[in-house]
Amino acid sequence: MSLLALVWLLVLVPCYAQPLDAFLKTEDGSDVPYAAVPGFSRWSAPRHLFTSSVIIVECSGRKDFGVFIERTEEGLRAAVEARDRAWCGWAHALGNNRAQCFVPVSPFGDTLVAVRERSRPAIAGLLGAGRADELAPCTATRRDRLSLARLAAAGAGAALFWWAPALARSTPFRLTSGTAFFVVFSVLFFLAMVYRAFPHKKRLAALAGLLGSGFWAAVRFTCGTWLPALHQLARNPLVIAYVGLSAVTGLVVTYWFNDAANPKVDTVLRVGLQAGGLALVAAAASLPEGSAALALALALGRWGGGLARRLPASTPGPPAPWVAQGKVLNVETGHLIGVGKGTYNRLLVEGYVLDEQQGTLTPPPGKKAPGSASRSGTSSRRRR
């Protein structure tokens, strides 16, 4: 029971309804009710980095109202005068829940919320009906929750970024991701074809006549309705067969074009996975500074170790005196040769290792000193 209570406290932050009891004067002389809804301080960003906040606006007895969200009074007044309403969600837009408006906002800082009736006449302010009494009392409720979706996105992005090199070379991952991409594309194409119609019979009939009767006749025959719901599509055997056929087709196409021996394909997949992982991590945070910090920390954690290994273990000493003269020391012969000369270029072509700091040319590993073979042959002939 205590674990459930802890999860409840983490996921749901208590919220309180706040009346819109202040008034904003507009250019047409009307008073628009508004309120300032407080948010979290930016200093508390580590605690609320994965918090999702939403403001719920309700007006008693009213369903036809518009909501305006801004940070400053000047911006709020401009939004009200321009009728730049906030998006209240699909339920409000489709008429399923017109009594409430859900507006996602940033968890940090204060948010100004104003409400205005949609069907308000333009001359209402001149007739004296511009006061707030023409609109029922409204309240704004702020709800802050720990977003499990943000946490999941951050974890998935970090995993993609960290294991991108191994995943890019993995044949099962290539086949799985290719199949999933093909299925998602096929489902989106199918839904786009189905839901291009409006939920009105006359418009639907006209649209069916324009698009052609073949596809819509198949949908009507298999689903029993012109505009089926998502759960009805998910249970239809023909739709399931369509998705399964798309998966098999995607698997075959991915396997046919998969080239594990091509390093360019590995590079493209690795870079794409790492970029997608960083994008997921950055998008999961509710603060831009937090997004940048998370992405930077992940990149340093992944690449910082390799950078440290490539750095020298100690500070190099002063350069050799002949370096300033434009010469290097051939360690094999003990002679100084000029940089850029014929001997210098020939030795570099033969694989000699150049140390610019110490000014030396070292023979490549496994190379024998010149004349060693002839000397060993002469000594053996002398022994015979």
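Quick note, the sequence shown lines up with residues -17 to -1, 1 to 367 if you use mature numbering (1 follows the signal peptide of the UniProt record, and there is no 0).
Here a beta-carbon is modelled for each residue, glycine too, at the ideal position from N, C-alpha and C.
Select from F144, T154, S274 and V15 the residue whose C-alpha is nearest the C-alpha of R101.
Within the sequence shown, residue 101 is the residue found at index 118, counting from 1. It is V15.
For the structure I just gave you, are there three or more beta carbon pairs, one from the region 20 to 31 and one from the region 269 to 278, closer than 8 Å?
yes
Taking buried to mean at least 16 other C-beta atoms within 10 Å of its own C-beta, is Q340 buried or exposed?
Along the sequence shown, one-based indexing puts residue 340 at 357. Burial call: exposed.
If we count the other Cβ atoms within 10 Å of its Cβ and call it buried at 16 or more, is G227 buried or exposed?
To locate residue 227, count along the sequence shown from 1; it is residue 244. That one is exposed.
Of the residues D4, L256, G22 and F51, the one placed nearest S153, counting alpha carbons only:
The residue labelled residue 153 in the question sits at position 170 within the sequence shown. Of D4, L256, G22 and F51, the residue nearest in Cα terms is L256.
Anyone know if the C-beta pair for L7 and V63 falls short of 8 Å?
Walking along the sequence shown from the start, residue 7 turns up at place 24. Walking along the sequence shown from the start, residue 63 turns up at place 80. Yes, the pair counts as a contact, with Cβ atoms nearer than the cut-off.
Taking D11 as the reference, which of V40, Q1, A61 and L32 has the closest Cα?
Working through the sequence shown from its first residue, we reach residue 11 at position 28. Checking every option, the nearest Cα to that of D11 belongs to A61.
Taking the alpha-carbon positions, what's the W239 to F165 distance?
Within the sequence shown, numbered from 1, the residue matching residue 239 stands at position 256. Within the sequence shown, numbered from 1, the residue matching residue 165 stands at position 182. Looking at the two C-alpha atoms, the distance is approximately 14 Å.
For I38 and V96, believed in contact at Cβ under 8 Å, the rounded distance
Taking the sequence shown and counting its residues from 1, one reaches residue 96 at position 113. Taking the sequence shown and counting its residues from 1, one reaches residue 38 at position 55. So it is a contact: roughly 6 Å between Cβ atoms.
How big is the Cα-Cα spacing for G161 and Q1?
Here residue 161 corresponds to residue number 178 of the sequence shown, with the count starting at 1. Here residue 1 corresponds to residue number 18 of the sequence shown, with the count starting at 1. Each residue's Cα considered, the two are about 50 Å apart.
Using a Cβ-Cβ cut-off of 8 Å (strictly less than) and excluding sequence neighbours within five positions of A137, which residues of its own chain qualify?
Position 154 of the sequence shown holds residue 137. Closer than 8 Å at the Cβ level, and outside the excluded window around A137, lie F33, L263, V264, A267, A268 and L277.
Using three-state DSSP, classify S269 as helix, strand or coil.
Locating residue 269 in the sequence shown gives position 286, counting from the first residue. In the structure shown, S269 sits in coil (DSSP, three-state: anything other than H, G, I, E or B).
Tell me the DSSP secondary structure of H318 in three-state form.
Here residue 318 corresponds to residue number 335 of the sequence shown, with the count starting at 1. Three-state DSSP puts H318 in a strand.
Complete beta strand (DSSP E) runs within the region 118 to 153 (minimum length 3 residues, chain order):
121 to 129
Cα-Cα separation between I320 and P348, rounded to whole angstroms
Mapped onto the sequence shown, residue 320 falls at position 337. Mapped onto the sequence shown, residue 348 falls at position 365. Distance between the alpha carbons of I320 and P348 is about 21 Å.
Any idea what DSSP makes of P16, helix, strand or coil?
Within the sequence shown, residue 16 is the residue found at index 33, counting from 1. Residue state, collapsed to three classes: strand.
Would you decide whether E53 is buried or exposed? Buried here means 16 or more other CB atoms lie within 10 Å of its CB.
Numbered from 1 along the sequence shown, position 70 holds the residue referred to as residue 53. Buried, by the Cβ-count rule.
Alpha-carbon spacing of V332 relative to G323, whole angstroms:
Your numbering for residue 332 matches position 349 in the sequence shown. Your numbering for residue 323 matches position 340 in the sequence shown. Looking at the two C-alpha atoms, the distance is approximately 12 Å.
When you compare only the Cα positions, how much space is there between L150 and G233?
In the sequence shown, counting from the first residue as 1, residue 150 sits at position 167. In the sequence shown, counting from the first residue as 1, residue 233 sits at position 250. So the two alpha carbons sit approximately 18 Å from each other.
Coil, strand or helix - A262 by DSSP
Mapped onto the sequence shown, residue 262 falls at position 279. The answer is helix: DSSP assigns A262 an H, G or I state.
Give the list of continuous beta strand (DSSP E) stretches no shorter than 3 residues that lie fully inside the region 8 to 74.
14 to 20, 34 to 42 and 48 to 53
Which class does P2 belong to by DSSP, given the choice of helix, strand or coil?
Within the sequence shown, the letter at position 19 stands for residue 2. In the structure shown, P2 sits in a strand (DSSP, three-state: E or B).
Find out if the Cβ-Cβ distance for the pair L261, L281 is shorter than 8 Å.
Position 278 of the sequence shown, counting from 1, holds the residue named residue 261. Position 298 of the sequence shown, counting from 1, holds the residue named residue 281. In this structure, L281 lies closer than 8 Å to L261 by Cβ.
Suppose you measure from the CA of P90 to the CA of A19; what does that come to, to the nearest Å?
For this step, residue 90 is matched to residue 107 along the sequence shown. For this step, residue 19 is matched to residue 36 along the sequence shown. P90 and A19: Cα-Cα distance of roughly 14 Å.
Apply the 10 Å Cβ neighbour rule to R66 and answer buried if 16 or more other Cβ atoms are within range, or exposed otherwise.
Here residue 66 is taken as the residue at index 83 of the sequence shown, counted from 1. R66 is exposed by the Cβ-count criterion.
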